[in-house]
Amino acid sequence: RSGSSGNFARYNNDKYDAAMDSALAATSEQDRQGFYDQAEQLLAEDMPIAPIYYYMQARLVRPSVGGFAKNNVEGRIYSKDLYIKE
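Here our numbering is used: the first residue of the sequence shown is 133, the next is one more, and so on.
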């Protein structure tokens, strides 16, 4: 969001902010994903930053571990979400 403390590029776009607000208010995953897709498209069009590198992390997870988010954009693992499959 434009006023976010994590907005290091100082990106400011009212349509982006509206899409993110709508995503936060969405009551279904399908609607939420649609708003995130809109926001992502705006970022791609505006290209407020040009990344020169990307952090990579590899994780080995046993097949018996459930609840591991493979596509966690923050790269964080929350043990409260993990469980052992039977």
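Cβ atoms here follow ideal geometry from the backbone N, Cα and C, with glycine treated the same way.
For the alpha helix (DSSP H) holding residue i, just list the boundary residues, first then last.
i, result
"Ser211", "Taken as a continuous stretch (DSSP letters only), Ser211 belongs to no alpha helix (DSSP H), as it is neither H nor E."
"Ala190", "No alpha helix (DSSP H) holds Ala190; DSSP gives it neither H nor E."
Here's a check: name, in chain order, each residue in its chain whose Cβ is nearer than 6 Å to the Cβ of residue i, leaving out the five neighbours to either side.
i, result
"Val193", "Phe200"
"Arg164", "Ala155 and Ala158"
Would you kindly check if the distance between the Cβ of residue j and the Cβ of residue i is under 7 Å?
i, j, result
"Tyr215", "Gly198", "yes"
"Pro180", "Tyr143", "yes"
"Asp149", "Ser137", "no"
"Gln189", "Gly207", "yes"
"Lys217", "Ser196", "yes"
In the DSSP output, which residue or residues are listed as bridge partners for residue i?
i, result
"Gly135", "According to DSSP, which records beta bridges pairwise, Gly135 is partnered with nothing at all."
By Cβ distance, which residues of its chain are closer than 7 Å to residue i, with the 5 residues on each side in sequence left out?
i, result
"Tyr168", "Ala155"
Which same chain residues, not among the five before or five after residue i, have their C-beta less than 8 Å away from its C-beta?
i, result
"Tyr187", "Gly207"
"Ala151", "Phe167, Tyr168, Gln170, Ala171 and Leu174"
Check: Considering only residues of the stretch 147-190, which uninterrupted alpha helix (DSSP H) runs meet the minimum length of 4 residues and lie entirely inside it, listed in chain order?
Finding: Entirely contained in the stretch 147-190, the alpha helix (DSSP H) runs reaching 4 residues are, in chain order, 161-178.
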